[in-house]
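Numbering (the numbering used here), first residue to last: 167 to 347.
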């Protein structure tokens with residue numbers, strides 16, 4: 167059985183969609199907020215997995231960030247910040263990076279997924295509509311591609327599930343027999 171060291175409903179939904187048996191044990195850890203984005207997401211995923219690691223358990227940690235011009239954008243703190251982030255993403259390509267880590271019986275494995283997402287050029291009414299939805303709350307980059315945020319996206323290059331919050335291809339590379347358990 168897999169332990170998901172995350173409270174993310176999106177990660178739970180992806181694992182459920184795959185038919186994976188798991189339990190949820192969110193990890194309350196101090197996350198890195200600065201540094202090289204690829205290193206930050208992998209380190210944060212490792213911290214989460216390590217926080218719930220114990221003998222006989224397979225623990226999955228994950229961390230997703232939206233990166234624009236090498237800068238981690240984080241989660242907007244309020245409506246004005248959400249609008250500012252979305253305005254920066256408007257008409258541009260950014261990267262969604264997710265680090266994943268698995269700890270099992272003292273062995274740690276990590277992987278990283280990067281998906282390029284291009285936003286369409288957003289008008290003020292688009293921004294007003296999306297910010298008013300409150301969907302951006304608690305989300306890296308301030309949007310949810312699997313919900314109303316889909317209206318902001320022009321195209322993606324890479325794993326869609328990575329943008330949602332858990333890269334399926336990377337997870338299956340890391341835990342090849344996951345679907346057969």
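Virtual Cβ for every residue (Gly too), placed ideally from N, Cα, C.
Contact set for residue i: own chain, Cβ-Cβ below 8 Å, skip 5 residues either direction
i, result
"residue 233", "203, 239, 260, 261, 262, 263"
"residue 313", "301"
Beta-carbon proximity check, residue i vs residue j, cutoff 8 Å
i, j, result
"residue 187", "residue 168", "yes"
"residue 195", "residue 231", "no"
"residue 272", "residue 211", "no"
"residue 283", "residue 208", "no"
"residue 172", "residue 228", "yes"
"residue 345", "residue 181", "no"
"residue 275", "residue 267", "yes"
Residue i versus the options, residue with shortest Cα-Cα distance
i, options, result
"residue 242", "254, 181, 274", "254"
"residue 318", "197, 286, 175", "286"
"residue 320", "258, 332, 305", "258"
"residue 290", "213, 250, 280", "250"
"residue 214", "193, 198, 278", "193"
"residue 278", "336, 245, 174", "336"
Same chain only: Cβ atoms within 7 Å of residue i, ignoring 5 sequence neighbours per side
i, result
"residue 248", "242, 297, 302, 308"
"residue 316", "none"
"residue 310", "301"
Supposed contact pair residue j and residue i - C-beta distance, whole angstroms, cut 8 Å
i, j, result
"residue 334", "residue 323", "Between residue 323 and residue 334 the Cβ distance is about 16 Å, and since that is not below 8 Å, they are no contact."
"residue 339", "residue 269", "Their Cβ separation, rounded to whole angstroms, is 16 Å, which puts residue 339 and residue 269 out of contact at 8 Å."
"residue 332", "residue 177", "5 Å"
"residue 288", "residue 252", "6 Å"
Per DSSP, the bridge partner or partners of residue i
i, result
"residue 227", "267"
"residue 283", "260, 322"
"residue 301", "Paired residues: none, contrary to the question."
"residue 277", "266"
"residue 169", "189, 225"
"residue 234", "237"
Neighbourhood of residue i by C-beta distance below 6 Å, restricted to the same chain and skipping five residues each side
i, result
"residue 299", "314"
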